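Novice: The structure under discussion is supplied below as structure tokens; questions concerning it will follow.
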Amino acid sequence: MRIIAGSLRGRSIRGSGKDWGVRPISGRIKQSLFDILTGLVPGARLLDLFAGTGAVGIEALSRGAAFVFFIDLDRRCMDLINGNLAASGFADRGRVHFGDVLSDLSWVPFRSGTTQYDLIFMGPPYKDAMKKPLAYSAPALARVAAAGLLAPRGWAVCQHHVKEAVAAPAGWSMVRQEKYGDTFLSFFRHAGPRPQPGAAGPA
1 MRIIAGSLRG RSIRGSGKDW GVRPISGRIK QSLFDILTGL VPGARLLDLF
51 AGTGAVGIEA LSRGAAFVFF IDLDRRCMDL INGNLAASGF ADRGRVHFGD
101 VLSDLSWVPF RSGTTQYDLI FMGPPYKDAM KKPLAYSAPA LARVAAAGLL
151 APRGWAVCQH HVKEAVAAPA GWSMVRQEKY GDTFLSFFRH AGPRPQPGAA
201 GPA
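This is the structure in structure tokens:
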């Protein structure tokens, strides 16, 4: 996997083992994600949930994000992300923590040192080892909302299967959705008259 843009443009980072059950974000979707969020990443605090290889968070750091907090439930992924951070020179701007995103997340500010995040990205697995759909996106969004982790003017983005029903938690609204094959990127903000990224808002 390669970093697309920023200070480490073109640099490769290590991927997960084929038997880990990790579905890495594709280069096409990652490019589109950051094109949409252009202008919002520099200086941002980003929360990378179901972090896997850390590809999204490390791309954000390359593009000038101030800090990324990675959470994953697989310790192999945690070791992988820590190795990628060290190899990329971002160990001082990223922190990796073991945690279940589908449980209470009120511990995140204490462990990360960051109360709220400007950008939150989550890419939960679509299916289990038996190919059964998991539908983790809506519960994960609800946990993030309940813990108050999204900053007042922040953006939350969920990568999920097109057949997975995902609605905005109470007090949030879905402001944009993009389709890539079997995948949606759904963009959320606190409810209110705010512009979409890449449109009337920051580009």
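Reading the sequence shown from the start, the letters are residues 1 to 203 in my numbering.
Glycine included, each C-beta is placed from N, C-alpha and C at the ideal position.
Because the structure is a prediction, the values reported are computed rather than measured.
1. Cys158 bridges to which residues according to DSSP?
2. With a cut-off of 8 angstroms on the beta carbons, I'd call Gln116 and Leu141 a contact; round off their distance for me.
3. Helix, strand or coil for Gln116, going by three-state DSSP, please let me know.
4. Helix, strand or coil for Met1 per DSSP?
5. Take every Cβ of the stretch 81-92, pair it with every Cβ of the stretch 21-39, and state whether three or more of those distances are shorter than 8 angstroms.
6. Taking the alpha helix (DSSP H) that Lys163 falls in, what are its first and last residues?
7. For Ala60, tell me which candidate among Asp104, Met78, Leu33, Gly171 has the shortest Cα-Cα distance.
8. What residues in its chain sit with their C-beta under 8 angstroms from that of Trp107, if we drop five residues either side in the sequence?
9. Under the three-state reduction of DSSP, which class applies to Asp100: helix, strand or coil?
10. In the DSSP assignment, find the alpha helix (DSSP H) that holds Leu141 and state where it starts and stops.
11. Which residues in the same chain have their Cβ closer than 7 angstroms to the Cβ of Met78, if we skip the five residues on either side of it in sequence?
12. So for Ala203, helix, strand or coil by DSSP?
13. So what's Pro24 in DSSP terms, helix, strand or just coil?
Specialist: Well, looking at it:
1. Along the sequence shown, one-based indexing puts residue 158 at 158. Under DSSP, Cys158 takes part in a beta bridge, and its partners are Met122, Ser186.
2. Within the sequence shown, numbered from 1, the residue matching residue 116 stands at position 116. Within the sequence shown, numbered from 1, the residue matching residue 141 stands at position 141. Contact doesn't hold; Cβ gap of about 15 angstroms is too wide.
3. Position 116 of the sequence shown, counted from the start, is the residue given in the question as residue 116. Reduced to three states, the DSSP call for Gln116 is coil.
4. Position 1 of the sequence shown, counted from the start, is the residue given in the question as residue 1. In the displayed model, Met1 falls within coil according to three-state DSSP, outside both helix and strand.
5. Segments in contact, no.
6. Looking up residue 163 in the sequence shown gives position 163. That residue, Lys163, is in no alpha helix (DSSP H); it is neither H nor E in DSSP.
7. One-based indexing of the sequence shown puts residue 60 at position 60. The shortest Cα separation from Ala60 among Asp104, Met78, Leu33, Gly171 belongs to Leu33.
8. The count along the sequence shown starts at 1 and reaches residue 107 at position 107. If the five residues before and after Trp107 are omitted, its C-beta is found closer than 8 angstroms to the C-beta atoms of Gly99, all from its own chain and listed in chain order.
9. Here residue 100 refers to the residue found at position 100 of the sequence shown. Coil at Asp100, not helix or strand.
10. On the sequence shown, residue 141 is found 141 positions in, with the first residue counted as 1. Looking at the DSSP string, the run of the alpha helix (DSSP H) that includes Leu141 is 137-146.
11. Along the sequence shown, read from residue 1 onward, the residue named residue 78 stands at position 78. These residues qualify, in order along the chain: Asp72, Val96, Phe98.
12. Here residue 203 corresponds to residue number 203 of the sequence shown, with the count starting at 1. Any reading at Ala203 must be qualified, since the residue scores a pLDDT of 39, below 50, and its modelled position is unreliable; the value itself is stated next. If DSSP states are grouped into helix, strand and coil, Ala203 belongs with coil.
13. The count along the sequence shown starts at 1 and reaches residue 24 at position 24. It is coil, neither helix nor strand.
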